[in-house]
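For reference, the structure discussed in these notes is given below.
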Amino acid sequence: MSLKVLAATRKGLFTLARTGKAAAPWVIERSDFLADNVSVVLHDRRSGKLYAALDHGHFGVKMHVSDGPGAAWTEQPAPAYPPKPETCEDKDMWGVPLPWSTVRVWGLETGGPKERGVLWCGTIPGGLFRSHDHGASWQMVSALWNDPKRTQWMGGGADLPGIHSICVDPRDTNTIRIGVSTGGIWETRDAGRTWINDNTGMWQDHAPEEHRLNPNGQDAHRLVQCPGQPDRMWIQHHNGIFRSDDAGKVWHECAAKPSSFGFAVAVHPQDGDTAWFIPEIKDEKRIPSDGHFVVTRTRDGGKTFDVLHKGLPKEPSYDIVYRHALDISADGNSLAMGSTTGGLWVSDDQGDTWTAAAARLPPVYAVRWMEG
Amino acid sequence: MPKVTFGSALQRHVQVPALAVNAKTVRAALEAVFRDHPLMRGYVLDDQSHLRKHMLVFVDGVAIKDRKMLAEPVTPHSDILVVQSLSGG
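From first to last, the protein sequence lines stand for chains B and F. Each residue of the first sequence is one higher than the one before, counting from 0 in numbering that gives the first Met the number 0. Each residue of the second sequence is one higher than the one before, counting from 0 in numbering that gives the first Met the number 0.
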């Protein structure tokens, strides 16, 4: 079994593989959808299928599926919003009119191991969709879209609000937690029929005092859950790094150097104390501190952080790693990350050392490990 | 019958030949095409069945204005051209 990396980029989907066994150079083994904007990619380990979300801009969002690596792609229906009632005036927290139309596929995950064919899809401007048939059709989770608190969401990572993270609880696949930018963390325990948003501990320093602790106003950049220790969750938040020890009810802030700001987070699949982040200067200057592109890692639940740089560029670098562009392999040993300036690095030792797998890709939006 | 033609940028994604359809409005003409070529629908119309922001529809060389209802009339001799608008450089 060899590991490959799927890289969804501004100009296509690329599959990277080693030319031989361990330590052999990485090459682009395959390219799909060349010149098209691929926002998300998913390899379904249950079925072997691959899914790619394309954003054609002028022509809208499209979903494609293949039966596996190397197989032909077929376009399937994209998640679609229901007809908007004539009398409905739907605006976000800022008063920006919300289109009832899929603007971007921003999160795509499989259901539980025994839920063959079930997929979950988060979109901008805030709709969550479920498919029971490998993406052949999609049903909007209407209870969430119709929740009055949903209209208090607002744009954070994009002009319009959206769902970027979907965590299906391995203990009970009807329990799902989603990350919204901005709208905090929402949880359902009945597969989407009812939702709560009452997590505490997160705060945002850019909001007026009255709104700093509002769970529905939190700008969660990325939410991940440790499969082996599902009570342990991590958020890379606009305001820093937060850890939960009770599956998202209470969040504890963790401080990392050189910065706690960033977009991506990965958690070890068995050891919830171990997680990785990619620090950047906050807000006004979204570049690595001092142009020094590094990864931070905690092994003790956020008490301390290692700064990892071996194999990463020594020269000044201004790479940003988007929220979906850091991934960890199922065995917890290999990491892959792709940047806005087209760099892609892999590590086979949990981040201690990195290898440049590609240097000149288009801007990378998402990476996924794929066994094959 | 009016004829519906899709521009080359659209044909790159979904190949639909020029088709003569029985219709009296732009909406009816497009829906007639989409019945046989359902994938093209999502490239031209958004989730609310409105004309996408960056799409243009010409009827006999004149761009339609009713981008929501697509209710402009067409004649049996009309040429309906669906293309992307120039934007983004």
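From the three backbone atoms N, C-alpha and C, an ideal C-beta is built for every residue, glycine too.
Legend entry - Chain-ordered residues of the segment 97 to 114 of chain B with a beta carbon less than 8 angstroms from chain F: Listed by position, the residues of the segment 97 to 114 of chain B near chain F (Cβ gap below 8 angstroms) are P98, W99, S100 and T101.
Inset, instruction - Give a yes or no on whether 7 angstroms exceeds the smallest Cβ distance from F/R38 to chain B. - result: In the second sequence, residue 38 of chain F corresponds to position 39, counting from 1. Correcting the residue type first, residue 38 of chain F is Leu in the shown sequence and not Arg. Output row for F/L38: interface = yes.
Legend entry - CA nearest to the CA of B/L307, picked from B/W344, B/I286, B/R322 and B/G300: To locate residue 307 of chain B, count along the first sequence from 1; it is residue 308. Taking only the C-alpha atoms, the option nearest B/L307 is B/W344.
Legend entry - Boundaries (first-last residue) of the beta strand (DSSP E) holding F/L9: The sequence position of residue 9 of chain F within the second sequence is 10, counting from 1. Counting along the chain, F/L9 falls outside any beta strand (DSSP E), though it belongs to the alpha helix (DSSP H) covering S7 to Q10.
Inset, instruction - Give the DSSP bridge partners of B/W202, in chain order. - result: By one-based count along the first sequence, residue 202 of chain B stands at place 203. Bridge partners of B/W202: none, in fact.
Inset, instruction - Please go through the same chain and pick out, in chain order, the residues whose beta-carbon is closer than 7 angstroms to the beta-carbon of B/T303, but skip the five residues on each side of it. - result: Position 304 of the first sequence, counted from the start, is the residue given in the question as residue 303 of chain B. Correct list, in chain order: T297.
Inset, instruction - With 7 angstroms as the limit, tell me which residues of the segment 69 to 93 of chain B have their beta carbon closer than that to any beta carbon of chain F; keep them in chain order. - result: Against chain F - using a Cβ distance shorter than 7 angstroms - the residues of the segment 69 to 93 of chain B are E74, A77, A79, Y80, P82 and K83.
Inset, instruction - Determine, using beta-carbon pairs with one atom in the segment 115 to 127 of chain B and one in the segment 81 to 101 of chain B, whether at least three such pairs fall under 8 angstroms. - result: By the criterion of at least three beta-carbon pairs nearer than 8 angstroms, the segment 115 to 127 of chain B is in contact with the segment 81 to 101 of chain B.
Legend entry - Near-chain B residues of the segment 53 to 67 of chain F - C-beta to any C-beta below 8 angstroms: Going along the segment 53 to 67 of chain F in chain order, one finds H53 and M54 with a Cβ nearer than 8 angstroms to chain B.
Inset, instruction - Please classify B/H57: does DSSP put it in a helix, a strand, or coil? - result: As a first step, residue 57 of chain B must be located in the first sequence, where it is residue number 58. Three-state result, B/H57: helix.
Inset, instruction - On the DSSP bridge assignment, give the partners of B/G178 in chain order. - result: In the first sequence, counting from the first residue as 1, residue 178 of chain B sits at position 179. B/G178 pairs with B/S164 and B/I184.
Inset, instruction - Tell me where the beta strand (DSSP E) around B/G11 begins and ends. - result: Looking up residue 11 of chain B in the first sequence gives position 12. DSSP places B/G11 in the uninterrupted beta strand (DSSP E) bounded by G11 to R17.
Legend entry - the segment 60 to 79 of chain B contacting the segment 61 to 77 of chain F, beta-carbon criterion three pairs below 8 angstroms: In short, these stretches do not touch, since the Cβ pair count stays below three.
Legend entry - Option in B/S243, B/I234, B/W152 and B/P169 with minimal Cα separation from B/G161: Within the first sequence, numbered from 1, the residue matching residue 161 of chain B stands at position 162. Ranking B/S243, B/I234, B/W152 and B/P169 by Cα distance to B/G161 puts B/W152 first.
Legend entry - Candidates F/Y42, F/P1, F/A28 and F/K64: closest to F/A8 by CA position: Mapped onto the second sequence, residue 8 of chain F falls at position 9. Taking each of F/Y42, F/P1, F/A28 and F/K64 in turn and checking the Cα distance to F/A8, the smallest one comes out for F/Y42.
Legend entry - Buried versus exposed, by CB contacts within 10 Å (16 or more), F/H25: Counted from its first residue, the second sequence places residue 25 of chain F at position 26. In the sequence under discussion, the amino acid at residue 25 of chain F is Val, which differs from the His named in the question. Residue environment: F/V25 is assigned as buried (16 or more neighbouring CB atoms within 10 Å of its CB, all protein chains considered).
Legend entry - C-beta contact flag for B/N173 and B/D189 at 7 angstroms: Here residue 173 of chain B corresponds to residue number 174 of the first sequence, with the count starting at 1. Here residue 189 of chain B corresponds to residue number 190 of the first sequence, with the count starting at 1. Result yes, Cβ atoms of B/N173 and B/D189 sit closer than 7 angstroms.
Legend entry - As assigned by DSSP and simplified to three states, the class of B/M153: Walking along the first sequence from the start, residue 153 of chain B turns up at place 154. Three-state result, B/M153: coil.
Inset, instruction - Quick one: grab the DSSP three-state call for F/M54. - result: In the second sequence, residue 54 of chain F corresponds to position 55, counting from 1. In the three-state DSSP reduction, F/M54 falls in the strand class (E or B).
Inset, instruction - Use the C-beta contact count for B/N196: other C-beta atoms within 10 angstroms, 16 or more gives buried, fewer gives exposed. - result: Counting from one through the first sequence, the residue named residue 196 of chain B turns up at place 197. Label assigned to B/N196: buried.
Inset, instruction - Give, in chain order, every unbroken run of the beta strand (DSSP E) that is at least 3 residues long and sits entirely within the segment 270 to 330 of chain B. - result: The segment 270 to 330 of chain B is shown to contain whole beta strand (DSSP E) runs of 3 or more residues at 274 to 276, 294 to 297, 305 to 307 and 325 to 327, in chain order.
Inset, instruction - Helix, strand or coil for B/W144, going by three-state DSSP, please let me know. - result: Taking the first sequence and counting its residues from 1, one reaches residue 144 of chain B at position 145. Of the three classes helix, strand and coil, the one that applies to B/W144 here is helix, per DSSP.
Inset, instruction - Could you tell me the distance, in whole angstroms, from the CA atom of B/A23 to the CA atom of B/A357? - result: Position 24 of the first sequence, counting from 1, holds the residue named residue 23 of chain B. Position 358 of the first sequence, counting from 1, holds the residue named residue 357 of chain B. Each residue's Cα considered, the two are about 13 angstroms apart.
Inset, instruction - Please state if the CB of B/V37 and the CB of B/A7 are separated by a distance shorter than 7 angstroms. - result: Position 8 of the first sequence, counting from 1, holds the residue named residue 7 of chain B. Position 38 of the first sequence, counting from 1, holds the residue named residue 37 of chain B. With respect to B/V37, B/A7 sits close: the two C-beta atoms are nearer than 7 angstroms.
Legend entry - Short CB-CB distance (under 7 angstroms) between F/G6 and chain B: As a first step, residue 6 of chain F is located in the second sequence; it is residue number 7 there, counting from the start. No, no contact with chain B.
Legend entry - Check whether B/S180 and B/G155 have beta carbons under 7 angstroms apart: Your numbering for residue 180 of chain B matches position 181 in the first sequence. Your numbering for residue 155 of chain B matches position 156 in the first sequence. Against a cut-off of 7 angstroms, the Cβ pair of B/G155 and B/S180 comes out as a contact.
Legend entry - Exposure label - B/V293; buried when at least 16 CB within 10 Å: As a position in the first sequence, residue 293 of chain B is number 294, starting the count at 1. Its Cβ being crowded by 16 or more others within 10 Å, B/V293 is buried.
Inset, instruction - Kindly indicate which residue of F/D78, F/R40, F/K52 and F/H12 has the alpha-carbon position closest to the one of F/V3. - result: On the second sequence, residue 3 of chain F is found 4 positions in, with the first residue counted as 1. When F/D78, F/R40, F/K52 and F/H12 are compared, the shortest CA-CA separation from F/V3 is found for F/D78.
Inset, instruction - Please report the residue range of the beta strand (DSSP E) in which B/Y364 lies. - result: Position 365 of the first sequence, counting from 1, holds the residue named residue 364 of chain B. It spans V363 to E370 - the beta strand (DSSP E) in which B/Y364 sits, taken as one unbroken run.
Inset, instruction - Tell me where the beta strand (DSSP E) around B/F374 begins and ends. - result: Past the boundaries of the shown model lies residue 374 of chain B; chain B is included only from 0 to 371, so the question cannot be answered.
Legend entry - Partner residues on chain B for F/R26, Cβ-Cβ distance less than 9 angstroms: Indexing the second sequence from 1 puts residue 26 of chain F at position 27. Close partners of F/R26 in chain B (Cβ separation under 9 angstroms) are lacking, with about 15 angstroms as the shortest Cβ gap.
Legend entry - Distance, B/L325 Cα to B/Y364 Cα: Indexing the first sequence from 1 puts residue 364 of chain B at position 365. Indexing the first sequence from 1 puts residue 325 of chain B at position 326. Roughly 10 angstroms between the two C-alpha positions.
Inset, instruction - Return yes when the Cβ of B/D305 is within less than 7 angstroms of the Cβ of B/G342, no when it is not. - result: Along the first sequence, one-based indexing puts residue 342 of chain B at 343. Along the first sequence, one-based indexing puts residue 305 of chain B at 306. Cβ atoms of B/G342 and B/D305: not closer than 7 angstroms.
Inset, instruction - Give every residue of the same chain whose Cβ lies closer than 7 angstroms to the Cβ of B/W202, excluding the five residues on either side of it in the sequence, and list them in chain order. - result: To locate residue 202 of chain B, count along the first sequence from 1; it is residue 203. Cβ neighbours of B/W202 beyond the five flanking positions: R211, L212 and N238.
Inset, instruction - Report yes or no: is there a C-beta of chain B within less than 7 angstroms of the C-beta of F/D35? - result: For this step, residue 35 of chain F is matched to residue 36 along the second sequence. Chain B has no Cβ within less than 7 angstroms of the Cβ of F/D35.
Inset, instruction - Anything in chain B within Cβ reach of F/Q83, meaning under 7 angstroms, just list it in chain order. - result: Counting from one through the second sequence, the residue named residue 83 of chain F turns up at place 84. The answer, in chain order, is H57.
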